[in-house]
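**Student:** In mature numbering (1 follows the signal peptide of the UniProt record, and there is no 0), the protein residues as written are -17 to -1, 1 to 524. Even glycine gets a Cβ: it sits at the ideal position worked out from N, Cα and C.
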Amino acid sequence: MIKLYALLAGIVAVVAAADVEVDYRVPVKIIFRAFCPACQWFISDPVLALLQDDKFRAVTKIQYVPAAAMTESADGGVECVGGKAECDAHLWMACILDRFKASPKNTSTHMACFESDDSGYTWSDKIAFCFKDAADATALHECKTGHGINLLRELMVVAKAFEGAWQPYTIIEDTLLGSSTSAVTLDMLQDEICRRYKGPAELLPAYCQTVAGVVMRTPPPLLVPQQLQPVAEKVKVQVIWRAYCPACKWFLSGPLYEVLSDPAFQAIVDFELYPSGTTTEVSPGAFKCIGGQSECVGHLYMSCALRLFPQIHDVAANLKCMEDSHHKWERRMSTCFSGSALDQIKACFASNDSKQYLREYIAFTSTIDLPWVPFTKVNDKVLGTPTSGVGYDLLTKSICDAYRSEENRPSVCAPLVKDPLVVAAATEPLVVEAVGSATTTTLAVPTGTPVAKTTQQAGKAKEKKPVMPCRQKEKGFVYEDPPGIGLRATPGAVGLAAAPVKLSSSTPSSLLTNPLLLPMLLIGGLLFAALRYSKPEEKKM
């Protein structure tokens, strides 16, 4: 029976491995011509480096297509831009790809060698240099004179369907990299593969954890059943903000992100997020924002993101990415989302769903007097002031103070006071067990372990002074209010763009402080001197 279980486990492991190989590898097509200088460099440098990396090779499904700009000739043969020599090279490459198709690593090595000048300048020299095994060399010669032309024609079909106006022409899934004037580098390949990968997080290369917009499959950090691990009542945290006001950008991509992405706080907090500060609906489906139409677009996109991907770890990464960018909203979405997640965001924004979601957020925020944004409340207690922002320390301390339990208490929280005069000793941080099914829409941002991460976050928070909130217009100040500068919505003028006001001063004027006094005295002195010495002198008798 034990052997049977072991056999079944082995079968399951093999099936799982095959599933990763088939389903999760990112398809990469490279359409190129033999020995064009750019193609030589690309195949023997970035592509070789990519496929020599075990982690990236495991998540990449490469397809070399050495058949760019090829055509069928009238006599039934094939023609190449570079003439017969180029066609011969393509034929050899088709055979190399077929010979080593089971090993992408060996394929990349042989293709780079064959493209390199180091291997010689004739086909016989290159074959002898790159293929030391006599069996490989013999098989390649037989392929070239036999079925190699059929292999090449199959590659020509692929090239004709996908090729562009330059070579090498690189397509990752459905995204074209580079242009006719800019080459594709190794980091460009790696970044796009990271974003397109949708497989298990444990197979994702470590490099990808530094790339914004990465899709991962990670288990949601849910608590174990109540009966096994009782918890106290969660703390309610409400945040109202405007898209891209400086203080909101800093808060969402800094302190709030650190808390949202910390599993310890995820376990004890109910987050209510409202991307609708000072937004109003002036007519069905038409919105006005203080920052103009661009700000309203941001509120619609963010409303979609919050509703489509409500898992807290998704929310944290999504909001950070959307706020921590200087691009226009459409490009920002393409940076922060990819694959099906990007399709969902675009579809939501273009439909009435985005308007309905924003409308529901406005229904709440319109009942709140907003002296400044971001406006943060913890268990209905307002944090910050019009002149002081909410940093990581203030936010976490407020949550810790509101959470009245030692169960699942974050490690940065001070222990509860059990006696007015005696403070209990700090206990070891509890580990929250993650359960539930995996999700494939998480935007990857490096996190590290919860305890180490929390310590690091606390250190970062102390280094940065909170950004002053975007607050109500005050007498004597000028607010231009491009997207990013937040003004309070005053009754009767909500949704209208604020006009710049001239800087006024209440300081009384005086003669001594008049800036014209000195020039007037100088001019007067000169006139006096001119009159005094310009009178005619009397002749002496």
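What does the Cβ neighbour count give for Gln339, buried or exposed, with the cut at 16 atoms within 10 Å?
**Tutor:** By the neighbour-count rule (16 or more Cβ atoms within 10 Å), Gln339 is not buried but exposed.
**Student:** Rounded to whole angstroms, how far is the Cβ of Ala52 from the Cβ of Ala17, which I believe are closer than 8 angstroms?
**Tutor:** So it is not a contact: roughly 11 angstroms between Cβ atoms.
**Student:** Where does Gly508 sit, in a helix, a strand or coil, going by DSSP?
**Tutor:** Gly508 falls in the helix class under three-state DSSP.
**Student:** Quick check on the burial criterion: 16 or more other C-beta atoms within 10 angstroms. Buried or exposed for Leu130?
**Tutor:** It should be pointed out that residue 130 corresponds to His in this sequence rather than to Leu. Exposed.
**Student:** Among Ser99, Glu216, Asn335, which has the Cα closest to the Cα of Ala269?
**Tutor:** Residue Asn335 is the option with its Cα nearest to Ala269.
**Student:** If you reduce the DSSP assignment to three classes, tell me which class Glu55 lands in.
**Tutor:** Of the three classes helix, strand and coil, the one that applies to Glu55 here is strand, per DSSP.
**Student:** Taking only the alpha-carbon atoms, compute the straight-line gap between Ile382 and Thr359 and give it to the nearest angstrom.
**Tutor:** Ile382 and Thr359: Cα-Cα distance of roughly 12 angstroms.
**Student:** In terms of alpha-carbon separation, which member of Lys271, Thr92, Leu366 lies closest to Asp384?
**Tutor:** Checking every option, the nearest Cα to that of Asp384 belongs to Leu366.
**Student:** Might you give, ordered along the chain, the residues of its own chain that have their beta carbon closer than 8 angstroms to the beta carbon of Cys231, omitting 5 neighbours on each side?
**Tutor:** Hits under 8 angstroms: Trp224, Arg225, Gly260, Glu306, Val356, Pro357, Cys453, Gly469.
**Student:** Where does Val428 land, buried or exposed, given buried means 16+ other C-beta within 10 angstroms?
**Tutor:** Confidence at Val428 is low in this model, with a pLDDT of 41, below 50, so its placement is unreliable and the value that follows should be read with caution. Buried, because 16 or more other Cβ atoms sit within 10 Å of the Cβ of Val428.
**Student:** Helix, strand or coil for Leu239? Go by DSSP, reduced to three states.
**Tutor:** Helix, per DSSP.
**Student:** Contact defined as beta carbons within less than 8 angstroms: I believe Thr43 pairs with Leu33. What is the distance between those atoms, to the nearest angstrom?
**Tutor:** That belief holds up - the Cβ atoms of Thr43 and Leu33 are roughly 7 angstroms apart, short of 8 angstroms.
**Student:** Can you look up Asp307 in the DSSP assignment and give me helix, strand or coil?
**Tutor:** Here Asp307 sits in coil by DSSP.
**Student:** Report the start-end ranges of each alpha helix (DSSP H) in the stretch 92 to 156 that is 4 residues or longer and not cut off at the edges.
**Tutor:** Listed in chain order, the complete alpha helix (DSSP H) runs (minimum 4 residues) inside the stretch 92 to 156 are 106 to 113, 117 to 128, 131 to 145.
**Student:** Indicate the three-state DSSP secondary structure (helix, strand or coil) for Thr158 in the structure shown.
**Tutor:** Three-state result, Thr158: strand.
**Student:** Are the stretch 121 to 128 and the stretch 74 to 93 touching by the rule of at least three beta carbon pairs closer than 8 angstroms?
**Tutor:** Verdict: yes, contact present.
**Student:** Does Leu366 come out as helix, strand or coil in the three-state DSSP assignment?
**Tutor:** Correct three-state label for Leu366: strand.
**Student:** Report back the beta-carbon spacing between Glu98 and Ile154 to the nearest angstrom; my notes put them in contact at under 8 angstroms.
**Tutor:** Their Cβ separation, rounded to whole angstroms, is 19 angstroms, which puts Glu98 and Ile154 out of contact at 8 angstroms.
**Student:** Going along the chain, which residues of its own chain have a beta-carbon closer than 8 angstroms to the beta-carbon of Gly478, five neighbours each way excluded?
**Tutor:** Bear in mind that a pLDDT of 38 at Gly478, under 50, signals an unreliable position, so the number given afterwards is only what the model happens to contain. Same-chain partners within the cutoff: Thr261, Thr262, Thr263, Val265, Phe270, Lys271, Cys272, Ile273, Ala472.
**Student:** Compute the beta-carbon to beta-carbon distance between Ser388 and Ala215, rounded to the nearest angstrom, for a pair I have assumed lies under 8 angstroms.
**Tutor:** Correct: roughly 3 angstroms between the Cβ atoms.
**Student:** State the Cα-Cα distance for the pair Cys96 and Gly182, rounded to the nearest angstrom.
**Tutor:** Computed Cα separation, rounded: 32 angstroms.
**Student:** Use the C-beta contact count for Gly59: other C-beta atoms within 10 angstroms, 16 or more gives buried, fewer gives exposed.
**Tutor:** Gly59 is exposed by the Cβ-count criterion.
**Student:** Among residues of its own chain, excluding the 5 on either side of Leu80, which ones have a beta-carbon nearer than 6 angstroms to its beta-carbon?
**Tutor:** Once the five neighbours on either side are set aside, the close Cβ partners of Leu80 are Tyr47.
**Student:** Do the stretch 62 to 72 and the stretch 152 to 168 make contact, defined as three or more Cβ pairs closer than 8 angstroms?
**Tutor:** They do not touch, by the three-pair rule.
**Student:** Quick one, which of Gly237, Thr54, Asn133 has its alpha-carbon nearest Tyr375's?
**Tutor:** Among Gly237, Thr54, Asn133, the Cα nearest to that of Tyr375 is on Gly237.
**Student:** With 16 other CB atoms within 10 Å as the buried threshold, where does Ile45 fall?
**Tutor:** By the 10 Å Cβ count, Ile45 comes out buried.
**Student:** Less than 8 angstroms between the CB atoms is what I'm expecting for Lys219 and Asn362, so what's the real figure, rounded?
**Tutor:** Between Asn362 and Lys219 the Cβ distance is about 5 angstroms, and since that is below 8 angstroms, they are a contact.
**Student:** Report the three-state DSSP secondary structure of Val265 (helix, strand or coil).
**Tutor:** Looking at Val265 - three-state DSSP - the assignment turns out to be strand.
**Student:** Which runs of the alpha helix (DSSP H) spanning at least 4 residues fall entirely within the stretch 366 to 400, listed in chain order?
**Tutor:** As far as the stretch 366 to 400 is concerned, its whole alpha helix (DSSP H) runs of at least 4 residues are 375 to 385.
**Student:** At the level of alpha carbons, what is the spacing between Leu510 and Leu504?
**Tutor:** So the two alpha carbons sit approximately 10 angstroms from each other.
**Student:** If Ser163 sits next to Trp149, beta carbons under 8 angstroms apart, how far is it from one beta carbon to the other, in whole angstroms?
**Tutor:** Rounded, the Cβ-Cβ distance is 4 angstroms, consistent with contact.
**Student:** Give the straight-line distance between the Cα atoms of Leu256 and Cys19, rounded to the nearest whole angstrom.
**Tutor:** If I take the Cα positions, the gap works out to 54 angstroms.
**Student:** Tell me whether Glu69 sits in a helix, a strand or coil according to DSSP, three-state version.
**Tutor:** If DSSP states are grouped into helix, strand and coil, Glu69 belongs with the helices.
**Student:** Considering only their Cβ atoms, is the gap separating Cys78 from Leu123 smaller than 8 angstroms?
**Tutor:** For Leu123 and Cys78, yes; Cβs fall inside 8 angstroms.
**Student:** Determine the DSSP secondary structure at Leu514, reduced to helix, strand or coil.
**Tutor:** Correct three-state label for Leu514: helix.
**Student:** Looking only at DSSP bridge pairs, what is Gln46 linked to?
**Tutor:** Answer by DSSP bridge pairing, in chain order: Lys12.
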